[in-house]
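A short worksheet on the structure shown next.
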Amino acid sequence: MEELIINGNSKQEKYASVLPQIQAVMDNSVDIVANMANMAAMLHETFGFWWTGFYRVVGNELVLGPFQGPLACTRIGFGRGVCGTAWKERRTVVVEDVEQFPGHIACSSASKSEIVVPVFQNDDIVAVLDIDSDRRAAFDHTDAEFLERAVALLQA
Ligand code: SME
């Protein structure tokens with residue numbers, strides 16, 4: 327596969343540049359984990375996030391899936407932390423300052439802000455995409471909009 331080519335400096339330009347490349351490498355002939363792995367790698371490389379990865383719904387908890395970045399906790403309960411909240415509330419959750427989020431699960435003290443985007447398959451949530459930044463307030467509605475479009479490219 328060719329290298330990732332990112333044009334532009336703004337967040338919008340970077341997303342607009344990486345999204346079609348993500349779409350091009352999504353391969354519906356392999357399982358969703360392989361596609362999650364490439365999506366995490368491409369987002370992580372494009373933006374230089376602190377941590378970029380997936381937790382998959384396995385039974386009644388979230389279990390660590392493909393990711394880029396430092397090691398992370400392996401299991402998260404329904405409604406727990408930012409990830410479990412996004413799963414429970416079935417919506418994208420943006421946290422400007424993780425220290426102000428009650429129940430935030432600190433996998434790393436370097437993480438300052440976070441966005442969690444549910445991955446829907448039909449009407450079920452099968453995973454969440456979790457991205458952490460080492461800067462406060464790194465994520466906003468632009469990230470939410472583009473990341474929701476990205477995870478919609480994942481097929482079971
Ligand atoms: N902070 C997350 C836990 C996962 S790590 O950030 C990778 C949370 O509160 O759900």
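In my numbering, the protein residues as written are 327 to 482.
Just so you know, even glycine gets a beta-carbon here, dropped at the ideal spot from N, CA and C.
From the DSSP output, which residues share a beta bridge with residue i?
| i | result |
| --- | --- |
| Ala453 | Arg382 and Val445 |
| Trp377 | Asp458 |
| Ser439 | Ser459 |
| Val419 | Val442 |
| Arg401 | Val389 |
Over the uninterrupted beta strand (DSSP E) stretch that includes residue i, give me the two end residues.
| i | result |
| --- | --- |
| Leu345 | Premise fails: Leu345 lies in the alpha helix (DSSP H), Lys337 to Val351, not in any beta strand (DSSP E). |
| Val389 | Glu387 to Gln394 |
According to the neighbour-count rule (16 or more other Cβ atoms, all chains shown, within 10 Å of its Cβ), is residue i buried or exposed?
| i | result |
| --- | --- |
| Ser336 | exposed |
| Asn354 | exposed |
| Ala412 | buried |
| Ser437 | buried |
| Ser459 | buried |
| Gly429 | exposed |
| Ile402 | buried |
| Val384 | exposed |
| Thr468 | exposed |
| Glu339 | exposed |
| Asp456 | buried |
| Asn361 | buried |
| Ile331 | exposed |
| Thr418 | buried |
| Pro396 | exposed |
Would you give the residue range spanned by the alpha helix (DSSP H) that residue i belongs to?
| i | result |
| --- | --- |
| His467 | His467 to Val477 |
Quick one: grab the DSSP three-state call for residue i.
| i | result |
| --- | --- |
| Asn354 | coil |
| Gln481 | coil |
| Gly407 | helix |
| His370 | helix |
| Asn364 | helix |
| Ala412 | helix |
| Glu329 | coil |
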